Structures are given as structure tokens and as C-alpha cells.
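The working numbering puts the first residue of the sequence shown at 3, with every later residue one more than the last. In this text, a Cβ means the ideal position worked out from N, Cα and C, and glycines have one as well. These figures come from a predicted structure and were not determined experimentally. Comments concern the structure below.
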Amino acid sequence: MSDPSIEGEKTVTKPTSKRRVYEYTPEFEAAYADYPRKVNKRSAFRAWSARLKDKLDDGTPITASMLHEAVRAYAAECRRERREARYIMHPSTFFGPHHRFVDYLPGRGPKAAKPPRKVDRLDPVWQSVFGAPFPTSLEGNHQP
Numbered sequence: 003m004s005d006p007s008i009e010g011e012k013t014v015t016k017p018t019s020k021r022r023v024y025e026y027t028p029e030f031e032a033a034y035a036d037y038p039r040k041v042n043k044r045s046a047f048r049a050w051s052a053r054l055k056d057k058l059d060d061g062t063p064i065t066a067s068m069l070h071e072a073v074r075a076y077a078a079e080c081r082r083e084r085r086e087a088r089y090i091m092h093p094s095t096f097f098g099p100h101h102r103f104v105d106y107l108p109g110r111g112p113k114a115a116k117p118p119r120k121v122d123r124l125d126p127v128w129q130s131v132f133g134a135p136f137p138t139s140l141e142g143n144h145q146p
């Protein structure tokens, strides 16, 4: 065998892998395992980490357990509705800056109890069209 330091000869080395191994927190790993769509884990972790430094609109700090609870609720909804994968949010969107996860926290978001809708502003229009006040309940108001 010849010495590689001799002029004209090259040593051949295998290229090293440029893929980095990322480490995730156990809390994130558990939530990601429950998430119904497994795409772009690294972006999801970045969004997760940013949310843990964030607060909800009412000033409540966001915790890993809150995020995991929201993931479980979202996954349950996706299963219940048999939602196709293409209609399931990417995890980075779910944990993103727009706080989509809040909709799936108990007692928060659109699924929480809402105050009754105000229909007073509709009453004059309704009355002018139908000649009767706007019904507050549809029960018992139907005619055969």
C-alpha cells in the first residue's frame, strides 16, 4: 500500500451524515405520540417550546399538561368525526402562535358555554317580514 502523503494520491473518506439528531422533551414526545397526524416533528417542537413561554389571553401561563390535554381532545374529535388526514391540522399549526389548541381546552374556546345570542336587533326586521316577534325558542313553534 502506498502512503497517502505522496503527491498525486488522494485518500477517500466516506461523507459523514449531515442529519442532526434532535432531542425532544418527554412531555412533547408524549403529546406528539397522541397527536393524530405525524408530520414535521421539529417544527412542531419549536412551536410547542414557544407556547410554553407564552400566556393565554387571560394571562394564564401555558403548560405542557394544558397542551397535552388539548391534543387528546383534538385527537378524540378527529377520531369521532372520522376526519381524513388531509383535514387534520399539522402539529406546528395546532401549537402555533394563533393558539388553535385553546379551542380544545375544557372551559375555553368556542366549545365552552357561550352566553345566549342576542336577537333583539333582529326582532324589528323579523316582525316587519313575518308580523310576529322573533321566536326565542324553536320548540313548539312549528305548525303542521
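For residue i, collect the residues of the same chain with a Cβ closer than 6 Å to its Cβ; drop the 5 residues on either side in sequence, then sort them by chain order.
i, result
"Y34", "none"
"V41", "H92"
"A72", "F103, Y106, L107"
"E185", "A query on residue 185 cannot be resolved here, the shown segment of the chain reaching from 3 to 146 and no further."
According to DSSP, what are the bridge partners of residue i?
i, result
"P63", "K57"
If you drop the 5 nearest sequence neighbours on each side, which residues of the same chain put their C-beta closer than 7 Å to that of residue i?
i, result
"A115", "Bear in mind that the predicted position of A115 carries a pLDDT of just 49, short of 50, making it unreliable; the figure below should be weighed with that in mind. Here the set comprises nothing."
"A87", "R39"
"E83", "none"
"L69", "A33, W50, R53, F97, F103"
Go through its chain and collect everything with a Cβ distance to residue i's Cβ below 8 Å, but skip five positions before and after it.
i, result
"K57", "P63, I64"
Thinking residue i and residue j are a contact (beta carbons under 8 Å), I'd like their distance in whole angstroms, please.
i, j, result
"A32", "F97", "Contact doesn't hold; Cβ gap of about 14 Å is too wide."
"A77", "D36", "6 Å"
- [ ] Could you tell me which uninterrupted alpha helix (DSSP H) segments, each at least 4 residues in length, are contained entirely in the segment 15-48, listed from first to last along the chain?
- [x] Along the length of the segment 15-48, whole alpha helix (DSSP H) runs at least 4 residues long occupy 28-36, reported in chain order.
Open item on the list: Assess contact between the segment 54-61 and the segment 76-95, defined as three or more Cβ pairs (one per stretch) separated by less than 8 Å. Is contact present?
Closed with: Because the criterion of three Cβ pairs below 8 Å is not met, the segment 54-61 and the segment 76-95 do not touch.
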